[in-house]
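Residue numbers (the numbering used here): 1 to 188. For glycine and all other residues, C-beta sits at the position ideal for the given N, C-alpha and C. Presented below is the structure to which this report refers.
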Amino acid sequence: MTVDADHINDIIDHVLYSKEDIQQMTKRLGHQLTKDYAGKDPLVVGVLKGAAFFMTDLVREMDVKMQNDFMDVSSYGDGFESTGKVKLIIDLQAEVKDRDVLLVEDIVDTGLTLKFMEDLISKRGAKSVKCCALLNKTARRINDVVVDYYGANVANEFVVGYGLDYLNEYRNIPYIGVVKPEVIKANA
Ligand code: PRP
């Protein structure tokens, strides 16, 4: 079934990672995390909104006892460039003291969001804080955060789909595509 295909073709230049590519990455990461978190009863935290999609697939590939929670943190608003200031919009409900916390992100870009969350969770007394991101855009990193687990490194292109938005839309595309540079320019 094709839904609103023109709408998508108008903005996507090409597919970067197909649905199958994403499934393979998620399985590989889930397998590794199953080994690394065996017996640790981790708190796995999805960072809304983008990571909700990856999070729900990833945890189903992790065969460990765990708890799940979400938090909403944002630094981009509706724009293309990070505002440089990270805002906590919805906090965790779970206590993190003495817990092994695994943050799940769709993408780590400048690293500002991850740094903000790592600092916050460490300050609250977590035993460990690690991050699993589907995509790692190291080209834009402005700090020294470490992405402990990731699916793929991406170049400095605007990617969309599978949780990643373009002007707060297109998160529901089941693959990851690169937005046409001319579309970005026209909206900049
Ligand atoms: C995106 C993404 C990460 C963050 C990464 O979230 O989901 O959380 O940006 O960028 P950074 O490394 O430069 O901080 P965004 O703030 O756009 O919110 P959203 O997930 O609700 O779209």
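In terms of Cα proximity to Gly84, the closest of Gln67, Val104, Lys115, Glu105 is Lys115.
In this structure, Val160 keeps its C-beta atom at 8 Å or more from the C-beta atom of Tyr150.
Per DSSP, the continuous beta strand (DSSP E) segment holding Asn153 begins and ends at 149 to 153. Inter-segment contact for the region 14 to 33 and the region 61 to 78 is present: three or more beta-carbon pairs are separated by less than 8 Å. Between the C-alpha atoms of Lys137 and Asp106 there is a straight-line separation of about 11 Å. Non-local C-beta neighbours of Phe53 in its own chain, meaning closer than 6 Å and more than five positions away in sequence, comprise Tyr162, Gly163, ordered along the chain. If you draw a 10 Å sphere on the C-beta of Asp98, you find fewer than 16 other C-beta atoms in it, and that means exposed. The beta carbons of Asp148 and Cys131 sit about 6 Å from each other, so the pair counts as a contact at 8 Å.
The straight-line gap separating the alpha-carbon atoms of Met117 and Glu20 is approximately 30 Å.
In the displayed model, Glu157 falls within coil according to three-state DSSP, outside both helix and strand. The Cβ atoms of Arg140 and Asn156 sit closer than 8 Å to each other. Nearest C-alpha to Ile89 among Ser74, Gly125, Gly50, Asp144: Ser74.
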